[in-house]
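Okay, so here's the structure we're looking at.
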Amino acid sequence: MELIHTCYRVAEIERSVVFYSALGLEEVGRMDIGDEAVNVFMGLPGDGPRLELTWNRGRTEPYEIGDGYGHVAVTAADLDATLAALGERGIEPERPPYSLREGGTRICFVRDPDGYRIELIERA
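In this text, residue positions in the sequence shown follow our numbering: the first is 266, and each later residue adds one.
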């Protein structure tokens with residue numbers, strides 16, 4: 266077995282594609298599901314589709330994320346530069362970067378347009 270992707274249901278597909286593109290993912294596929302939905306597959310360059318964004322046509326109410334969802338994590342070579350670039354696009358961290366322990370890896374969280382948390386982890 267192999268874990269191939271995670272799916273989120275989103276309120277506005279293009280808004281979500283712009284957000285995840287700002288994180289460094291690229292659109293690697295798009296598929297209409299009849300008249301009901303559109304799936305957009307996003308992935309890191311050279312890695313293939315890892316995130317499926319599903320937009321259900323005609324849905325007007327937001328999705329409930331639920332209390333079981335935690336976050337998705339991605340790495341950043343330079344967390345400060347990544348946050349500066351995201352800030353230029355209006356994406357702000359929940360709080361400034363921090364480490365869980367003295368000398369540990371720096372992390373911070375951002376939220377996508379639908380409220381899903383994304384953890385940014387600075388590579389050592």
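Backbone N, C-alpha and C fix where the C-beta goes; we use that ideal spot for every residue, glycine too. Bear in mind that the values here come from a model prediction, so they are computed numbers and not experimental data.
Check for me: the beta strand (DSSP E) holding residue i runs from which residue to which?
{"i": "residue 346", "result": "Note, residue 346: premise wrong, no beta strand (DSSP E); alpha helix (DSSP H) at 344-353."}
{"i": "residue 293", "result": "291-298"}
Give me, in chain order, the residues of the same chain whose beta-carbon lies closer than 8 Å to that of residue i; leave out the 5 immediate sequence neighbours on both sides.
{"i": "residue 381", "result": "273, 330, 334, 336 and 337"}
{"i": "residue 270", "result": "306, 314, 315, 316 and 317"}
Could you name the residues of the same chain whose beta carbon sits closer than 7 Å to that of residue i, not counting the 5 residues immediately before and after it, in chain order?
{"i": "residue 280", "result": "378"}
Could you give the first and the last residue of the continuous alpha helix (DSSP H) run that contains residue i?
{"i": "residue 280", "result": "278-287"}
So, residue i versus residue j, is the Cβ gap smaller than 8 Å?
{"i": "residue 342", "j": "residue 371", "result": "no"}
{"i": "residue 373", "j": "residue 365", "result": "no"}
{"i": "residue 339", "j": "residue 313", "result": "no"}
Compute the beta-carbon to beta-carbon distance between residue i and residue j, rounded to the nearest angstrom, for a pair I have assumed lies under 8 Å.
{"i": "residue 376", "j": "residue 353", "result": "Not really, about 17 Å apart at Cβ, beyond 8 Å."}
Which residue from the options puts its Cα closest to that of residue i?
{"i": "residue 344", "options": "270, 288 and 278", "result": "288"}
{"i": "residue 284", "options": "324, 318 and 362", "result": "318"}
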